[in-house]
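A short worksheet on the structure shown next.
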Amino acid sequence: MELAQNHLIYEGVPRDEARHDAMMLTLYCGDKTFENIQLIEETLRMKDVFSDRPSFSGRDFCEKINEGHYTFPFIIYREKVKNGNNISMANKGFAHPCEVVVGESGGFVLLRAVDMNESSRLNGLKMKGKVQHLKYFDGRRFIEAAVNGDFIQIPLDHFIFHNIGEDAMNRILHGSICIKMCCSVGEIHMPESTAIFTLFVH
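Residue 179 is where the sequence shown starts when you use our numbering, and the numbers rise one by one after that.
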């Protein structure tokens with residue numbers, strides 16, 4: 179009940195009302211609702227923890243966040259803007275949002291590769307492809323990411339986070355890492371491309 183009460187107080191509900199409403203939430207809401215509240219509470223706590231740090235490492239992030247499974251939105255940006263668009267085609271190559279898993283030994287981003295459907299610029303035919311492998315930049319070189327079926331892991335240690343916003347409610351922790359990917363379309367293997375994977379904790 180304390181979790182629900184703290185959440186309601188943070189949202190501006192007076193303490194006495196929050197206690198009563200938290201009791202109702204506890205009685206009638208399911209586990210999924212409380213999981214969502216817990217995620218919101220932990221996200222707000224993290225934004226508060228790093229409130230005085232303009233930037234920090236993914237390792238710092240893992241050390242401060244509680245162990246568990248989280249879901250966060252992400253965008254994969256092109257390395258260079260093309261035709262006025264900076265969103266990489268690879269952004270369509272993964273399920274959204276991504277999962278962030280944090281345990282005793284550290285944390286990682288878990289991505290699930292999905293089929294991409296694009297039209298050929300040469301003949302207009304529909305093509306289907308999937309990201310086959312991914313490399314991440316560890317600060318010195320590109321490392322092959324662990325792959326298990328359609329799932330790809332990127333360690334959080336090598337992310338760089340930036341703190342954007344003035345207060346906890348509007349603050350966003352913006353974590354990014356440089357990646358390289360290769361995709362196969364039918365029998366055609368597309369060349370390796372570089373992009374910026376960006377995670378949003380808000």
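Think of the CB as a built atom: it goes at the ideal place given N, C-alpha and C, for glycine as much as any other residue.
| How many angstroms separate the CA atom of residue 331 from the CA atom of residue 194? | 45 Å
| In terms of DSSP beta bridges, what is residue 338 paired with? | 235, 354
| field | For residue 243, the nearest candidate out of 254, 256, 263, 217 (CA to CA) | value | 217
| request: Look up residue 263 in the DSSP assignment and give the residues it is bridged to. | output: 260
| field | residue 344, enclosing beta strand (DSSP E) - first and last residue | value | From DSSP, residue 344 is part of no beta strand (DSSP E); its letter is neither H nor E.
| First and last residue of the beta strand (DSSP E) that includes residue 192? | Run containing residue 192: none; DSSP gives neither H nor E here.
| query | Under a Cβ-count criterion, where at least 16 other Cβ atoms within 10 Å of its own Cβ denotes burial, should residue 225 be classed as buried or exposed? | reply | buried
| message | Can you tell me whether residue 359 is buried or exposed? The criterion is at least 16 other CB atoms within 10 Å of its CB, across all chains shown. | response | buried
| task | Below 6 Å CB to CB, which residues in the same chain sit around residue 311 once its five sequence neighbours on both sides are set aside? | result | 360
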